[in-house]
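Here the sequence shown is numbered in my numbering, starting from 47 and rising by one per residue.
Beta carbons are placed, not taken as given, at the ideal position from N, Cα and C, and that holds for glycine.
Here is the structure we will look at, set down as structure tokens.
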Amino acid sequence: MKNIVFLFAVHNHQPLGNFVSVFDLAYEQAYWPFLKTVSQFPRFRFALHFSGFLWEYLENKHPESLELIQNMKQTGQVELLGGGFYEPVLAQIPEPDRAVQLKLMEDFLSEHFHCRPSGLWLAERVWEPHLASFLNQAGYEFTLLDEEHFHYAGVKSIHGYYITEDEGLTFNIFPIDKTLRYYIPFRSLPELETYFNQINESGQDTAIIGDDGEKFGLWPGTHNWVYQEKWLEKFLHFLEEKEIEMMTFSDYLKTRPALDRVYLPPASYEEMMEWVLPPREQKTFIELKASLPTEMKRFLRGGQFREFGLKYYESHHLRCRQIQVSREVNRQDDKIARQELYQAQCNDAYWHGVFGGLYLPHLRRAVYQKLVSAWSRLNISQGWKQEDFDLDGRPEFFLQHQPFCLW
């Protein structure tokens, strides 16, 4: 096999309101064994992202994990990614809150690992074109998005990175290889070698993956496969034996030019853009997509993330309440109310796919609890108020009183 450059990123997240037992299980079954295993292979370089809820959990319950990550950071094995600290979909929250969410993550990484991230993980890989200028101004250089984003823009090669811009401000984006997302850690090493050879034979030399860390031990059956049967250890030996070059994303940016300029449409990963559709439309969309030749699929897209607010009124109402609280929080100076607002912006309770979310009452309840608690701390003008709360062009009337709001 000719030299392949392999860029690897792993993202770990547990939502606001999830059970402590789930955090514990995820740590024991996936996060800790993954970190322990890869730390024994210093040539394996990778990018790592934890959401803020997990960073706080690790800090309080498993400081040994922070120590291990710091050791890998010092040797250059791991690159830490930024992002919204409490895992909001950045395009779905007010711009002032976006900036603070990023700053909270930067402050945590600076305090614990003495670094400032140059790249970030976007929650649910939700992209909107205006994010390019916002992220540039926030000091970030790159993110990772699914290859579907690029196909919709007519891009053929996913073996490198592209540069985009908004308002004349540039930003770099790495495409995540869908085949590798489905191969790792589920396929055999010979199958992976065959795929790497196919990349070589196509005249390319770069393979890129970024995906959920829970698939390395928490997903059903994966702990036994990845650790007991030693898939991960064999995979890391395979990378060394085949002399596959591991680089961090930042180092790759420094040594390679962008493949081209690109303008990506609003999108998320392929499955998300199906889940946002009503059930009958999902079925029609999937059947239509299966009937089209590959070269025509770039012209066919599902919905976009914002449409969850159309599919589920509960999601829209929750977001409207969050925006209302945000507006008041940003007029006042209450640190606890601010933190509760940012925690309530965690994305999971605002949408639904195969992983629960909106249909899990404990997640919705946790978001509402934070919003109500934040609201109760604020100095709110009392009495009746008229406002277009649900953003439908018609005013609602509600009674503001401490500590409740009726409408």
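Sequence-distant partners of N393 (beyond 5 residues in either direction) whose C-beta falls short of 7 angstroms from its own C-beta, in its chain, are E133, P134, V135, A169 and E170. Around the C-beta of R91, 16 or more other C-beta atoms lie within 10 Å, and the residue is accordingly described as buried. Taking 7 angstroms as the cut-off, the Cβ atoms of W173 and L191 count as close.
Between Y198 and R344, the gap from beta carbon to beta carbon is short of 7 angstroms. Between A304 and the set N58, E286, L452 and H205, the nearest pair of CA atoms involves H205. Closest option to G402, judged by alpha-carbon separation, among A55, N64, V51 and N58: N64. A direct Cα-Cα distance of roughly 16 angstroms separates L299 from I255. In this model, V124 and E113 are separated by some 13 angstroms (Cα to Cα). Secondary structure note for Y208: its beta strand (DSSP E) is the uninterrupted segment Y208 to D212.
In the structure shown, the three-state DSSP call for R233 is coil. Excluding residues up to 5 positions away in sequence, K357 lie with their Cβ nearer than 7 angstroms to the Cβ of P324 in the same chain. In the structure shown, the three-state DSSP call for P325 is helix.
Contact annotation: the segment 64 to 77 does not touch the segment 228 to 242, with fewer than three C-beta pairs closer than 8 angstroms.
Of the other Cβ atoms in all chains shown, fewer than 16 fall within 10 Å of the Cβ of H283; this residue is therefore exposed. In this structure, G355 sits away from V322, with a CB-CB distance that is not shorter than 7 angstroms. In this structure, the alpha-carbon of A390 lies about 30 angstroms from that of E327. The DSSP-derived three-state label of R89 is coil. Of Q147, A336 and S361, the smallest CA-CA separation from R410 is found for S361.
Under DSSP, the beta-bridge partners assigned to E125 are A93.
Taking the C-beta atoms as reference points, D436 is found nearer than 7 angstroms to C366. Per DSSP, the continuous alpha helix (DSSP H) segment holding L299 begins and ends at F295 to T301. DSSP, read as helix, strand or coil, puts F52 in strand. By the beta-carbon neighbour count (other beta carbons within 10 angstroms, threshold 16), V371 is buried. The alpha-carbon of A55 is positioned some 21 angstroms away from that of A184. Annotation: T216 to I209 spans about 7 angstroms, alpha carbon to alpha carbon. Rounded to the nearest whole angstrom, the C-alpha separation of S337 and R373 is 47 angstroms. Here R440 is actually not in contact with M292; their C-beta atoms are around 56 angstroms apart, not less than 8 angstroms. By the C-beta density criterion, I219 is buried, having at least 16 other C-beta atoms within 10 angstroms. Residue environment: V413 is assigned as buried (16 or more neighbouring CB atoms within 10 Å of its CB, all protein chains considered). Using a 10 angstroms sphere on the CB of E317, the tally of other CB atoms stays under 16, which defines it as exposed.
Beta-bridge analysis with DSSP links N58 to F96. For W421, the uninterrupted alpha helix (DSSP H) run begins and ends at P407 to R423, by DSSP.
With a 10 Å radius around the Cβ and a threshold of 16 neighbouring Cβ atoms, S314 comes out buried.
The distance from the Cβ of L100 to that of Q138 is about 21 angstroms, inconsistent with a contact at the 8 angstroms cut-off.
With fewer than 16 other Cβ atoms inside 10 Å of its own Cβ, K82 counts as exposed. Under the three-state reduction of DSSP output, H108 falls in the coil class, being neither helix nor strand.
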